[in-house]
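In this note's numbering, the protein residues as written are 6 to 155.
Ideal Cβ positions, reconstructed from N, Cα and C, are used throughout, including at glycine.
Given the structure is predicted, the values throughout are model-derived calculations rather than measurements.
Below: the structure, in structure tokens.
Laid out in structure tokens, this is it:
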């Protein structure tokens, strides 16, 4: 897959994550609101509190997903100048890495695996600023040669 198609795929993935988090947050809120008061008041209060906790958890995940999407949009069109920068796709030793939101390993529609690495991780920090021909340690033992940066 070419870079524009990969960018589009990652964008759709991030939007899908945000949509899922939003739907789960709304469902948790609806569940908490639908709890009916019974003669056992403590049970009612406990159920409402648990529902609110679930809603807060999903709200936090939604906030993270939206921040990732915003950060992604700010780097998606970066053009590397021969060095790996946020938004770069790096090919090294049979692997492809994307410097951006830390989504982990994703499988692209063509079946190829892409490792989405955050700049906040040690690997992201190692890759940032590297050039074609540079090497780096991957998984602490494999020395990989950077073959292409786009």
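Buried or exposed: residue i, going by 16 or more other Cβ atoms within 10 Å of its Cβ?
i, result
"residue 72", "exposed"
"residue 93", "buried"
"residue 122", "buried"
"residue 132", "buried"
"residue 127", "exposed"
"residue 142", "exposed"
"residue 150", "exposed"
"residue 106", "buried"
"residue 135", "buried"
"residue 145", "exposed"
"residue 129", "buried"
Indicate whether residue i and residue j have their beta-carbon atoms separated by less than 7 Å.
i, j, result
"residue 85", "residue 104", "no"
"residue 53", "residue 76", "no"
"residue 154", "residue 89", "yes"
"residue 74", "residue 19", "yes"
"residue 111", "residue 119", "yes"
"residue 17", "residue 70", "no"
Pull the bridge partners of residue i from the DSSP assignment, please.
i, result
"residue 147", "143"
"residue 204", "In this structure the chain extends from 6 to 155, so residue 204 is not present and cannot be described."
Three or more C-beta pairs below 8 Å linking the segment 20-38 and the segment 55-68: At 8 Å Cβ cutoff, the stretches touch.
Beta strand (DSSP E) segments (min. 3 residues) lying fully within the segment 73-140: Listed in chain order, they are 94-97, 100-104, 109-112 and 118-122.
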